[in-house]
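Taking it in order: structure first as structure tokens, then the write-up.
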Amino acid sequence: MELVEVKWNFPSLKCINPRCSKKFEYQWDGSVKLCPDCIRNGVRYPSKVMTQNISYWRNQAGLPLECPRCGWIFDDHIAPCIPCLYVYLKIDWEKWTSGSQKIDEFIHKYQVKYPTIFRGCEFIDYSQLKEIQYIGEGGFAKTYKAIWMNGETREWDAENGCWPDSKDRTVALKVFENRPGIENYVYKELYVQSIMRHDYICNVFGVSRDVITGAFIIVMRFAEEGSLRQFNQLNFERISWDVKLYLLVSLATALNIVHKLGFFHCDLHPGNILITTGDISKKLETNLADFGLCIRDTPSENFPNRKLYGMIPFIAPEILNGGIMTKEAEIYSYGMIAYELLTGRIPFIHIQCDEETLISKIILGLRPEFPEDMPSSVTDTINLFLHEDPSMRPTLKDVWQMFSREKLKLLEDIPQFSFSAAVNSEVSQHLNRIEDVAFPTWSDELFALDLNNYV
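Position one of the sequence shown corresponds to residue 1 (the UniProt record's numbering), numbered consecutively onward.
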């Protein structure tokens, strides 16, 4: 195995082997910096390339500094041995199929592109899911709680070149209806949520198939507190202003990631926002979920008068009037979510009219009413989000400034106003979808990668 002298050039899109210096088009999350050709040819790092903090951390954790099987020098705290991982993946891929070629290829490419977070997207055999309990349903799927056997995050077994067994993990299962075009819908949601990996975006672990019905299943993080609407209705009077505004800041962060990656969520409402406890912060955090209806910010997907979908009260008036999706339109949806979280009221729940009339009223300027004892600073802020002129609505950067720590401290002294968040039996007629969404065609060009070049 060849040993090369290199300088630590971080970050870089060039192979750090000075005899190669080839540009390669993907990054390894700040870890591996050799191109795939050098990896296959056995080039490895000399020990001095390993940064001191990584060397110290691995020593303290009792982890090897290099792979005992092939001599690969580890350059990340918990990354697997890349050459050994490729061998493992190639064998593993022969053992399973989701029944969908495009979903299989996506998982293959994802595991090659992001080897340090391999557990982030994989095929999960249905036999590994046990104690399945029904939670609810909505859209095109039913939701269940389950135990994923050996599903806990694992450290790479360097001695045996594989992922070892681990502890069981509580997960949520999103089981999709068997209907025409559902494969595209599942593929799209799996793809988008897999590439948007962040603490404030619902973590997807992979896909499975029901062995009896053949239904597609997306396996994702289980939200202990349920949806934002459920959480708010059960705990409204016990949640401090500090916590409520922190939840709004975390949601703004998630939405900013979606927009930076060139997408629009297109289905923002409290039912698609999950409440979890942060792994590190131990604080309540939002997890943005349900990306099956999102679109790219491109003319082929974002065009005027396309079919509308979503919960009517949370759709911006310009979208109801046939306009294209914009960041400002999603800020409007964000404002409606803030309204429900901070007032405890479901928007327009008491307005008795059909959907077309409600849409017309929203376009003409109808907005939800605020409780009389709501602080004026809060009502003024939410009204900015709901401004009839999209250009007058705040940006996500403005949101962070509005909900800064200084403002949080200011609001901590404001007493909670009393409101019963009981569920109205007629809520469903005002929150129904406008019409079924047309299943989108989604590009097969996930990544500019040819698997044959890497394995």
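A virtual CB, placed ideally from N, CA and C, is assigned to each residue, including glycine.
Just the C-alpha distance for residue i and residue j, rounded to the nearest angstrom, thanks.
i: Ser-100; j: Glu-159; result: 34 Å
i: Leu-358; j: Val-399; result: 28 Å
i: Cys-20; j: Trp-72; result: 18 Å
i: Leu-190; j: Leu-293; result: 12 Å
i: Ser-336; j: Gln-128; result: At residue 336 the sequence reads Met, which differs from the Ser that was named. Distance between the alpha carbons of Met-336 and Gln-128: 39 Å.
i: Ser-227; j: Asp-104; result: 30 Å
i: Phe-291; j: His-265; result: 6 Å
i: Pro-46; j: Asp-242; result: Because Pro-46 carries a pLDDT of 43, less than 50, the predicted location of this residue cannot be relied on, and the following value inherits that uncertainty. Answer to the nearest angstrom: the Cα atoms are 50 Å apart.
i: Trp-93; j: Trp-156; result: 18 Å
i: Gly-214; j: Pro-375; result: 52 Å
i: Lys-307; j: Leu-320; result: 10 Å
i: Glu-356; j: Asp-380; result: 28 Å
i: Leu-245; j: Phe-403; result: 6 Å
i: Arg-197; j: Val-204; result: 9 Å
i: Leu-251; j: Ala-172; result: 20 Å
i: Ala-141; j: Tyr-187; result: 14 Å
i: Asn-9; j: His-259; result: With a pLDDT of only 39 at Asn-9, under 50, the local geometry of the prediction cannot be trusted, and the value read off the model is given with reservation. In a straight line, the C-alpha of Asn-9 is about 30 Å away from that of His-259.
i: Phe-370; j: Leu-288; result: 26 Å
i: Leu-386; j: Phe-176; result: 33 Å
i: Asp-199; j: Leu-261; result: 16 Å
For residue i, is the classification buried or exposed, using 16 other Cβ atoms within 10 angstroms of its Cβ as the cut-off for buried?
i: Asp-450; result: Reliability of the predicted coordinates at Asp-450 is poor, the pLDDT of 32 falling under 50, and the value obtained from them is presented with this limitation in mind. So Asp-450 ends up on the exposed side.
i: Ser-300; result: exposed
i: Lys-95; result: exposed
i: Arg-221; result: buried
i: Tyr-134; result: exposed
i: Met-325; result: buried
i: Asn-232; result: buried
i: His-269; result: buried
i: Pro-68; result: exposed
i: Arg-238; result: exposed
i: Phe-303; result: exposed
i: Leu-65; result: exposed
i: Glu-435; result: Note that Glu-435 scores 36 on pLDDT, short of 50, meaning its location in the model is unreliable and no value can be drawn from it.
i: Met-392; result: exposed
i: Glu-224; result: exposed
i: Gly-138; result: exposed
i: Leu-131; result: As written in the sequence, residue 131 is Glu, which differs from the Leu given in the question. With fewer than 16 other Cβ atoms within 10 Å, it is exposed.
i: Thr-286; result: buried
i: Thr-343; result: buried
i: Lys-174; result: buried
How is residue i classed by DSSP in three states: helix, strand or coil?
i: Met-392; result: helix
i: Cys-84; result: helix
i: Ser-240; result: coil
i: Leu-308; result: coil
i: Leu-129; result: strand
i: Val-186; result: helix
i: Ile-124; result: coil
i: Gly-73; result: Note that residue 73 corresponds to Ile in the displayed sequence, not to Gly. Strand, per DSSP.
i: Trp-93; result: helix
i: Ala-158; result: coil
i: Glu-285; result: strand
i: Leu-274; result: strand
i: Ser-194; result: helix
i: Ile-103; result: helix
i: Glu-355; result: helix
i: Ala-329; result: helix
i: Ile-346; result: coil
i: Glu-369; result: coil
i: Tyr-147; result: A quick correction: the sequence has Ile, not Tyr, at residue 147. Three-state result, Ile-147: strand.
i: Ile-324; result: coil
i: Glu-66; result: strand
i: Ile-257; result: helix
i: Ile-363; result: helix
i: Ser-98; result: coil
i: Trp-400; result: helix
i: Ser-377; result: helix
i: Tyr-246; result: helix
i: Phe-303; result: coil
i: Cys-20; result: coil
Taking residue i and residue j to be in contact with their CB atoms under 8 Å, please state how far apart those CB atoms are, rounded to whole angstroms.
i: Ile-315; j: Ala-254; result: Between Ala-254 and Ile-315 the Cβ distance is about 19 Å, and since that is not below 8 Å, they are no contact.
i: Asp-267; j: Tyr-309; result: 7 Å
i: Val-219; j: Val-207; result: 7 Å
i: residue 456; j: Leu-284; result: Limits of the chain in this structure are 1 at one end and 455 at the other, which puts residue 456 out of reach.
i: Ile-382; j: Ala-338; result: 5 Å
For residue i, which beta-bridge partners are listed by DSSP?
i: Val-219; result: Leu-173 and Gly-206
i: Ala-141; result: Gly-138 and Phe-176
i: Arg-296; result: Phe-263
i: Ser-227; result: Leu-274
i: Ile-201; result: Leu-288
Is residue i near the ligand MN, going by C-beta to nearest heavy atom under 7 Å?
i: Asn-160; result: The ligand MN is absent from the structure shown, which contains no ligand whatsoever.
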